[in-house]
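Okay, structure first, notes after.
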Amino acid sequence: AQTVTQSQPEMSVQEAETVTLSCTYDTSESDYYLFWYKQPPSRQMILVIRQEAYKQQNATENRFSVNFQKAAKSFSLKISDSQLGDAAMYFCAYRSGQGAQKLVFGQGTRLTINP
Amino acid sequence: DSGVTQTPKHLITATGQRVTLRCSPRSGDLSVYWYQQSLDQGLQFLIQYYNGEERAKGNILERFSAQQFPDLHSELNLSSLELGDSALYFCASSPGGWGSTDTQYFGPGTRLTVL
């Protein structure tokens, strides 16, 4: 079974600075997808970014980018120019590329932005 | 706003009772997923429906059941409720079914409190 591990329960960063959230996963599959979801205090789950395992290029969405290291099974999220609105729980998630599409989530990292 | 709606937003009930949570997927989405978020277990996949049929099952208790109706809305039924069932229940939807590459978009969740 696939597992996702986020080793940083909490992180904090100064506003306007850069922060990196870590995620590792374990799988024997070669076809899969990785996601970062954001959960602000409203508790809504918001998609931040998605990475296809077959793509070597790291995904980027505005101030959010990932460092996808397939061999190391690592998928970190970099947030540049941090803003107060980035404060939230961030969840890393794995989904198989075949068959069932269930998301397997990590434990989450609580990100605090200091003004 | 993801386009996925869930009702009710909050539900408070007593142990031993039965409740029904409702989800309407995004327009055009055929797949509905249910997830449970609790302090103990984190975010866990419960069940997936695609176009009215059950497609995948996760860690769903026998006291829980779900269905997807012809208009594609879904209901999650929780019976013989226990204190440990208190959690945030999310519904997510995506366009495709088995083997699809679609991203899942989440509703705002239903917070269930069992007293």
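As given, the protein sequences belong to chains A and B, one line each in that order.
The first sequence begins at 122 in our numbering and counts up by one.
The second sequence begins at 2 in our numbering and counts up by one.
From the three backbone atoms N, C-alpha and C, an ideal C-beta is built for every residue, glycine too.
Cα separation between residue i and residue j?
{"i": "Ala15/B", "j": "Leu116/B", "result": "5 Å"}
{"i": "Asp202/A", "j": "Ser32/B", "result": "36 Å"}
{"i": "Asp86/B", "j": "Gly110/B", "result": "15 Å"}
{"i": "Val225/A", "j": "His11/B", "result": "25 Å"}
{"i": "Leu198/A", "j": "Val187/A", "result": "5 Å"}
{"i": "Cys24/B", "j": "Leu47/B", "result": "14 Å"}
{"i": "Gln7/B", "j": "Ser163/A", "result": "14 Å"}
{"i": "Ala221/A", "j": "Ala193/A", "result": "24 Å"}
{"i": "Leu103/B", "j": "Asp147/A", "result": "Looking at the sequence itself, residue 103/B is Asp, so the reference to Leu does not match. Approximately 21 Å, taken between the alpha carbons."}
Comparing C-alpha positions only, which one of the options sits nearest to residue i?
{"i": "Ala174/A", "options": "Thr233/A, Gln135/A, Phe156/A, Gly206/A", "result": "Phe156/A"}
{"i": "Glu54/B", "options": "Ser75/B, Gln38/B, Arg64/B, Leu12/B", "result": "Ser75/B"}
{"i": "Gly227/A", "options": "Gln190/A, Gln219/A, Lys176/A, Lys159/A", "result": "Lys159/A"}
{"i": "Ser195/A", "options": "Glu136/A, Ala137/A, Gln127/A, Cys144/A", "result": "Cys144/A"}
{"i": "Ser128/A", "options": "Lys223/A, Ala180/A, Cys213/A, Ala221/A", "result": "Cys213/A"}
{"i": "Phe70/B", "options": "Val5/B, Glu63/B, Tyr50/B", "result": "Tyr50/B"}
{"i": "Glu63/B", "options": "Arg56/B, Asn52/B, Leu77/B", "result": "Leu77/B"}
Look up residue i in the DSSP assignment and give the residues it is bridged to.
{"i": "Cys1/B", "result": "Past the boundaries of the shown model lies residue 1/B; chain B is included only from 2 to 116, so the question cannot be answered."}
{"i": "Leu1/B", "result": "The structure shown has nothing for residue 1/B, since chain B only spans 2 to 116."}
{"i": "Ala122/A", "result": "According to DSSP, Ala122/A bridges with nothing at all."}
{"i": "Thr233/A", "result": "Ser133/A"}
{"i": "Leu79/B", "result": "Val20/B, Phe65/B"}
{"i": "Ala214/A", "result": "Phe156/A, Phe226/A"}
{"i": "Asp147/A", "result": "Thr124/A"}
Inter-stretch contact at 8 Å, needing at least 3 Cβ pairs: the region 64 to 81 of chain B / the region 16 to 33 of chain B: Touching, per the Cβ criterion.
Every unbroken beta strand (DSSP E) inside the region 5 to 75 of chain B [3 residues or more]: Listed in chain order, they are 6 to 8, 11 to 14, 20 to 25, 32 to 39, 43 to 51, 54 to 58, 65 to 69.
Uninterrupted beta strand (DSSP E) stretches inside the region 150 to 212 of chain A (no shorter than 3 residues): Those beta strand (DSSP E) runs which fall completely within the region 150 to 212 of chain A and span 3+ residues are 153 to 160, 167 to 173, 185 to 190, 195 to 200.
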